[in-house]
Amino acid sequence: MSLIDTVTSRFEKNFGSAPEVVASAPGRVEFIGNHTDYNQGPVMGAAIDKGVVVALKRCDEAVFKFSSSTFPIAEVSDPSAPQEGSASWVNYPLGIYNVLIKRGLEPKGGFCLSVESDVPSGAGLSSSAALELATATALGEAYGIELSKKELAMVGREAENDFVGVPCGILDQGVSAHGEEGKLVHIDCRNLEFSTAELGKDLSIWIFNTHQKHSLVDSMYATRNKECFAAVEQLNAAGLDAQYLADVSPEEFEAKRDALEENARKRAEHVIYEIDRVKKVQAALEERDVEAVGRLLFESHDSSRDLFENSVPELDYLVKILRSMPGVLGARLSGGGFGGAAMALAGETFTMDYAVAVASAYRGEFGAEPEIIECRIADGARLELPVSA
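In structure tokens, the structure reads:
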């Protein structure tokens, strides 16, 4: 049974009628651009063929009801108030509703909403952004509000920042909104400009989720952020005029690198050259040179490991094994690092048998197998069932 059939059936069972609208949005993979976003550089991601589907129907009564396969039915009378405890997951759709009110949605009555997802949890594939954008697509249709892809992304980020309370960037929502089959999404984080680049429909992205997470991940992430801005201050003290590391070219960095303290120098070197790698990936895709793209993915991981120091032995081992496997073009850690998942870009000759061999080698080294997730690059948020159907 498809997710659409499942969510429709759940909606009818829980709310006693068929939904008026069904919408979906994909999860995403960070392809390249590690820690470039808050440094105002570019990043590239891929929407994947695993996502979230929501079914929705408006009602006259000002009551908001939510159901999912994971949590009990939640009923909310005041949609402006964030929920706590087991009902806190509904803050994602509630946040969207509140943001859309500011964009012209007339809050008459309420609605019922059911959710289904096949995004694996804990793999850094951003099921939260998928839920936000699927909800925004459904509410936009149900309440007659037209939203462009960029507006969808902005609505999702605003809901997560201001209502859910997570200070995320635009990567997750931007990729989920702008995804296209076989294409990567490029985001200029400073100007919030979105574009796509053809990767090819015959390639797959494989995720190897270690389920390992450094106990100090939040504080280490914050430390890296501070070190990046400290590098900007030190570069400016040496004669540059930069607001963010994205303002510094590799040539300018090399001329001033000796003026930086060691940690600031290493973080800056990673970010500045990672931004350059994103640009090189774009150029390689224009030339249809996927082998060059793969080499840049490996370079990205090496830089994360040696300069940004946000990798862990488990991820390093996975990338090392993947580097030797037939059909693997490139691999790197994906996401914030300090644990989590490694990503591989592979052709059709890399099969599940090879993926299992990678997992088996990992088990021999660390005692537990990583979760294997094969993904295809898919379309972004979309309406599945219109109100008039």
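Under my numbering, the very last position in the sequence shown is 909; numbers go up by exactly one each time.
Note that beta-carbon positions come from the ideal geometry of N, C-alpha and C, so glycine has one too.
The beta-carbon distance between V813 and L865, rounded to whole angstroms, is 7 Å. This is short enough to meet the 8 Å contact definition.
Residue P627 holds the alpha-carbon nearest to the alpha-carbon of G664 among K733, S647, V791 and P627.
Here DSSP, grouped into helix, strand and coil, assigns H706 to strand. At least 7 Å separates the beta-carbon of A784 from that of E811.
For K628, there is no enclosing beta strand (DSSP E), as DSSP marks it with neither H nor E. Proximity to S715 across V705, K721, D767 and A875 peaks at V705, based on C-alpha coordinates.
For P546, the enclosing beta strand (DSSP E) has its first and last residue at V541 to I552. At a Cβ-Cβ threshold of 7 Å, A643 and A545 do not count as neighbours. One Cα belongs to A875, the other to E595, and the distance between them is close to 43 Å. With a beta-carbon spacing of about 4 Å, G689 and D557 fall inside the 8 Å limit used to define contacts. K570 and V639 do touch by the CB rule: their CB atoms are close to 5 Å apart, below 8 Å. Between A862 and L835, the CB-CB gap stays under 7 Å. Annotation: T871 is outside any alpha helix (DSSP H) and is labelled neither H nor E by DSSP. For G884, the number of other beta carbons within 10 angstroms of its own is below 16, and it is reported as exposed. Under the three-state reduction of DSSP output, N618 falls in the helix class.
DSSP, read as helix, strand or coil, puts H555 in coil. In this structure V572 touches S637 by the C-beta definition: roughly 5 Å separates them, less than 8 Å. Boundaries of the alpha helix (DSSP H) harbouring E671: K669 to E678, taken from the DSSP string. For N681, the three-state secondary structure derived from DSSP is helix. The shortest C-alpha to C-alpha distance from H698 to any of K840, G615, E680 and A654 is the one to A654.
For E834, the secondary structure class from DSSP, reduced to helix, strand or coil, is helix. In this chain, the alpha helix (DSSP H) harbouring E819 covers V810 to S823. Take the alpha-carbon of F870 and the one of E889: they are about 18 Å apart. In the assembly as shown, M564 is a buried residue. Its beta-carbon has 16 or more other beta-carbons within 10 Å. The beta carbons of L576 and F535 sit no closer together than 7 Å. Distance from the CA atom of A662 to the CA atom of R623, rounded to whole angstroms, is 14 Å. If you check the CB distance, P599 and L614 come in under 7 Å. Of the candidates E550, E700 and I552, E700 places its Cα closest to the Cα of A898. Collapsing the DSSP output to three states places E700 in a strand. In the three-state reduction of the DSSP assignment, A656 falls in the helix class.
Annotation for S588: the continuous beta strand (DSSP E) segment containing it runs F584 to S588. R852 sits in a strand when the DSSP states are folded into three classes. Shown here, R896 sits in coil according to DSSP, grouped into three states, outside any helix or strand. By the C-beta criterion, the stretch 540 to 554 is judged not to be in contact with the stretch 680 to 687, since fewer than 3 inter-stretch pairs fall below 8 Å. In the three-state reduction of the DSSP assignment, A784 falls in the helix class, which pools H, G and I. Contact between I524 and G547 is absent: CB atoms are separated by about 16 Å, not below the 8 Å threshold.
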